[in-house]
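The structure under discussion appears below in the form of structure tokens.
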Amino acid sequence: MGREVDVINFALDGKIDGLKNNLIGIMSDNAEEIGEYQKQIDARGFEPVIVDPGLENDQIQSLLEERQLSLLLSRNDYLSDKSIPDLMLSKRVDLKPEVTVKRPQILDLDSLPIPDRSLINNSFYLDRIGHGMTKNKISLMTSRGCPFKCIYCHKLWPKNNVIRSAENMFEEVKLYYGFGVRNFVILDDIFNLNVKVSTNFFKLILKHKLDINIQFPNGLRGDILAFDYIDLMIEAGTIEINFALETGSERLQKLIRKNLKLEKLHRNVQYITEKYPHVVLEFNSMVGFPTETEEEAMMTLDFIKSIKWIDFPYIHILKIYPNTEMEHLALENGISKETILKSQHKGYQELSDTLQLSHDFIKKYRTKFFIEYFLRKERLRHVIPRQLRAFTEDELNEKYTTYQSRDLNSLIRFAGIDKDQYTNGKDYKKNIQQLEVIDKKIKAHFPTKKYKKDAMKVLLMDLSTYTSKEAETVKDSYKVVEAPLGLMYLQTYVNKKLPGQVEGKIIKAGVDFDNFADLRKILQEFQPDMVGIRTLSYYRNYLHKVVLLIRQWDFKMPIVLGGPYATSNYESILKDTNIDLVVIGEGELTYLELLEKMIQNNKKLPDDEVLKTIPGIAYFKKQDKKIIQSYSRNLILSEEIYTTI
Amino acid sequence: MATVTIERAQLVEELKKYLSERFFLTDDYRTLPIDESILDLGVESLDFIQVLEDIKEIYHIVIDDDDVLFENFETVNKIADFILQKVINL
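Chains H and X, in that order, are what the protein sequence lines are.
Quick note on my numbering: the first sequence kicks off at 385 and runs consecutively.
Quick note on my numbering: the second sequence kicks off at 774 and runs consecutively.
Shown next, in the form of structure tokens:
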């Protein structure tokens, strides 16, 4: 005990303004903690209101509103499944943010400079698996935009698919090849959409005899592949492909507007498994579409089971994102908005109340698949030796741990495989330089950044991974870490356009800081004029917690959000008044323009009149923000009090 | 070494005890229902690799790929039937 004393002192000693009454909310179900808080609160002449963290979001909201609580103390973990922006508002606000005109899509991706990887700690990322299975890899983004209309997708990005030229992509690969890198991961969702450009890219690899491995962990469109294209991509070094099946039902393919030609996909995958058995295949599928029947769900399993063999088949539970056509379909079919919102913090493997198929069925469905396909010894004896030839045991262990919380050796034992026969076999392409050497070469290649004395400082933060403690709190075992490529693109572009004027520091949770005290230290030492954050919707609560803490630590610089979560949810995000502005869609041009305007305004966010001229942003006008702030409730993360005082 | 004389009732009790203790399903294994899906009792999909390995080892039976059907392992009773059938065929 003692923490409670500090929390109450912090809350009441003038550090937190705006108490509207003498009530202090305590979110807790721990009798000892509650007792200690009560004692402290009573001693200071206030009255505690206990809020049970087990209540539903709506019930908590009603309680807070009813008692007109303007101060709520909560432990970090209680907020993991709560909507922090909602908890922060003492009254529902119907104000809409200002949304400026849409920023036109960047059509010439070659005009963007190759991302400057000296901006990050490369040694760390090179030493971990990311979406691709290898460690010593460089990840690339080669295209943007998607012409497909799948209804489960946010459709955040433009419909027009644009791709870098084959020469431009090759230039980046060749650069790192020269530094000793041999593994390349292409992060695009559909690299093969532009057949001509992607074909030319593979031809350049072959023409220049680059001996590399290429992985496509986020997917190729499987039904538009042709056999000669497959031959070419594998000849060029492709060793891993992810296909997104989603469903094996023709009716559902149409309903979700994926419109995959299942026969063609099947034919192509069969071709790969028969002709190129060394290529590691991943398959993504989903279960739980509104109106999906048990028979239709089984069609997906039957599709996968008919292929010998898929290395990593995934069965995800459909996650219905707000503001998608899938949400409309769900609402039309009797799934409530509240149920959808409540399911947002759930992982792709967690059963959700949005499912119309019974949980009992889903459990059996997944188990049936796991034991009758995944655990089939014939399959394990086929895939694991090939995987051991192409990847290190260490990489495979990380992959299996992430994939099924299962270590490789338990599967090897189960299948009776003699591992020593295969480990690090002939297909494995080891980088020809040590990680430290590659890192040094990267740093030497990109020009040393020299900043003007009065350069603006921006801290760019990627929150699409958890810190260790947060991962433990939310029971997240997903260990994949991808370098913050999007943030590198932003800062590289600004460095080119405004040389020396903006010092950008890029950090990633779990990499550059692994606890909140370290994050605070970074902020204190760097003293940014602006903080820019990107994350995915899955990490929304975590993001709002971090932003809350930044304010709790009394940092007052503007906080700007960008990336997928920000683009798809800017309206609700901005009700968190700790966040000043959202960048919608592609960031480079908007980020540049915003910084230019801030530099002109003594590094402060410009006035509404100026903001409204910047395309691609959303924000609350000053007067509206004041109204929302007047309804804001102080929320204090009690557990982090020692990083605060 | 199991023999064909294995008692079904005894086998069911052994399985109840094994599942209860291995996967922390209940404090008193005797109360474990024998016709309910073991998934509903708390065994996870991923636990099945352990179930298969342990059964193979405890009862000295060979489990072929074609035996690994969910239906054979869904309940305590079904697992008992499967083991008995395997033991008889030894």
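For glycine and all other residues, C-beta sits at the position ideal for the given N, C-alpha and C.
query, result
"Whole-angstrom distance between Leu407(H) and Lys423(H), CA atom to CA atom", "14 Å"
"Closest Cα partner of Phe900(H) within the set Ser1014(H), Glu762(H), Leu1021(H) and His538(H)", "Leu1021(H)"
"Simplified DSSP state of Phe775(H), which is helix, strand or coil", "coil"
"Residue-chain proximity (Glu762(H), chain X), Cβ-Cβ < 7 Å", "yes"
"Residues near Glu820(H) in its chain [Cβ-Cβ closer than 8 Å; skip 5 each side]", "Ser507"
"As assigned by DSSP and simplified to three states, the class of Thr738(H)", "coil"
"Residue-chain proximity (Ile699(H), chain X), Cβ-Cβ < 7 Å", "no"
"Neighbour flag for Leu814(X) against chain H, beta carbons, 7 Å", "no"
"Endpoints, beta strand (DSSP E) assigned at Thr723(H)", "Taken as a continuous stretch (DSSP letters only), Thr723(H) belongs to no beta strand (DSSP E), being part of the alpha helix (DSSP H) at Lys721 to Lys726."
"8 Å contact criterion, which Leu979(H) and Met840(H) should meet: CB distance rounded", "6 Å"
"Beta-carbon neighbours of Lys988(H), restricted to chain X and to distances below 9 Å", "Near Lys988(H) there are no residues of chain X at all, since even the closest Cβ is about 53 Å away, more than 9 Å."
"Terminal residues of the beta strand (DSSP E) in which Val865(H) lies", "First-last for Val865(H): undefined, no H or E at that position."
"Own chain residues within Cβ distance below 7 Å of Asp1008(H), not counting five before or after", "Leu479"
"Every unbroken beta strand (DSSP E) inside the stretch 540-601 of chain H [3 residues or more]", "567-570"
"Lys475(H) at chain X interface by Cβ criterion, 7 Å", "no"
"Chain H contact residues for Asp838(X), given Cβ-Cβ distances below 8 Å", "Arg760, Lys761 and Glu762"
"Proximity below 7 Å, CB of Asp737(H) to CB of Thr751(H)", "no"
"Contact set between the stretch 794-808 of chain H and chain X, restricted to residues whose Cβ is under 9 Å from the partner", "Ser794, Leu795, Arg797 and Phe798"
"Simplified DSSP assignment, three categories, for Leu479(H)", "coil"
"Closer than 7 Å to chain H by CB, Val785(X)", "no"
"Residues sharing a beta bridge with Ala1002(H), DSSP", "Val483(H) and Val966(H)"
"Spatial distance of Lys659(H) from Ser921(H) (CA atoms)", "39 Å"
"For Ser1014(H), the three-state DSSP class (helix, strand or coil)", "helix"
"Whole-angstrom C-beta distance between Asp695(H) and Val767(H), which should lie under 8 Å", "5 Å"
"Closest Cα partner of Leu448(H) within the set Leu524(H), Ile504(H), Glu1024(H) and Arg1017(H)", "Arg1017(H)"
"Buried/exposed call for Gln858(X), threshold 16 Cβ in 10 Å", "exposed"
"Where Arg924(H) falls: helix, strand or coil (DSSP)", "helix"
"Per-residue DSSP class, three states only, for Tyr698(H)", "strand"
"Minimum length 4: unbroken alpha helix (DSSP H) runs contained in the stretch 395-443 of chain H", "415-427"
"Where Ala853(X) falls, given that 16 or more other Cβ within 10 Å makes a residue buried", "buried"
"Straight-line gap, Val391(H) to Glu1024(H) (C-alpha atoms, nearest Å)", "9 Å"
"Exposed unless 16 or more other CB atoms sit within 10 angstroms - verdict on Gly438(H)", "exposed"
"Inter-stretch contact at 8 Å, needing at least 3 Cβ pairs: the stretch 791-807 of chain H / the stretch 821-829 of chain X", "yes"
"Residues near Pro868(H) in its chain [Cβ-Cβ closer than 7 Å; skip 5 each side]", "Ile504, Asp846, Ile890 and Lys892"
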